[in-house]
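Residue numbers (my numbering): 51 to 446.
By construction, the Cβ of each residue, glycine as well, lies at the ideal position given by its N, Cα and C atoms.
First comes the structure, then the notes that go with it.
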């Protein structure tokens, strides 16, 4: 699937500012670049035509702007020879992520059709999604969504995370702007976007964690690589619980780094009571307690698996030290399948684009469109323009 002859380190050459994107009309094999969908600090996403299969796709190009760029042609050049090692480590991570995602075929996980290396960089081809991010949908809604609506989003996303975790893979970048709701108005099923692997390894090498992590969604273990703060399923569950907190409270939790010093986070149970008084929207005790459980600062104090979290959402938090795991027999594909009542409902939610999630709010006026040519925020670099065909994240 990838080029058997990977590129050497790009040359150290002068790079002209603003010239990093490939021009419209550029051909990459059977793909023709139509336009830029988004530009981020770690990559560029293009809308392209697949002439072989006669369909539109999104192509993500590895382009860490602080390390490399273009000097007029298609070839990528380093901004300094001192960046060579970091650039190549990020490139290998980008390719490994593409190879990893290509192994999965889950309706709620972004799909990679193909990847290869060319022009001193690498590319991955993905579906061309139409939809809105959860962040944009929450802004359009203007009020806390119902529990039924949230469960309609959570079910497929949790099933996607469970598929990753079964292969010892952790997303580590779950956030409202990394969950795409399909359909012109975001009325369809959710898709969890990319893993951001290259972004993390470059941040590790350059000690720029604050530039790559979303403080309100990243748990404390993502800030330090120490024995008693290992990352695992609980890492993604903290981020997912933070997403739910954001949807209900209208703002994300305070950063985990500040919570370790003095935790002033208002429990979701208290937030839910205020929401009930203000908006008349009520949430079950099991639901809010499960979210509060997953928001614990210490990794060991959170649910340790998707199954435990899903069980708590439906049936309440188990007694201390009790872990819920329901494992179904391996199927013909030899993949472990796990199920809980909430995750079983995901099958209905992970339907083709346009299938509404339960209790979906009616269409509202989209937020202002974001220009692809303008500098994009680092946490929303290549997000889809509202009510327009969308591509996966470009931050890598």
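With 16 or more other Cβ atoms inside 10 Å of its own Cβ, residue 70 counts as buried. Here DSSP, grouped into helix, strand and coil, assigns residue 193 to coil. Residue state for residue 81 is assigned as strand, using DSSP reduced to three classes. By the Cβ neighbour-count rule, residue 308 is exposed, with fewer than 16 other Cβ atoms within 10 Å of its own. A straight line joining the alpha-carbon of residue 282 with that of residue 273 spans about 14 Å. When the five nearest sequence neighbours on each side are left out, the beta carbons in the same chain lying within less than 6 Å of the beta carbon of residue 107 are those of 98, 100, 175 and 178, in order along the chain. Listed as beta-bridge partners of residue 166 by DSSP are 173. Exposed is the label assigned to residue 73, since fewer than 16 other Cβ atoms lie within 10 Å of its Cβ. The C-alpha of residue 355 lies about 26 Å from the C-alpha of residue 300. Excluding sequence positions up to five before and after residue 313, its CB lies within less than 7 Å of the CB of 347, all in the same chain and listed in chain order. If you look at residue 293, you'll find it isn't in any beta strand (DSSP E); it sits in the alpha helix (DSSP H) that goes 283-299. 203 is the residue among 233, 216 and 203 whose C-alpha sits nearest the C-alpha of residue 224. Around the beta carbon of residue 130, fewer than 16 other beta carbons sit within 10 angstroms, so the residue counts as exposed. Relative to residue 78, the option among 114, 160 and 169 whose CA is nearest is 169. Taking the Cα positions, residue 115 is about 19 Å away from residue 147. Annotated as proximal: residue 172 and residue 165, with beta-carbon spacing under 8 Å. Residue 321 counts as buried, since at least 16 other C-beta atoms from the protein chains shown sit within 10 angstroms of its C-beta.
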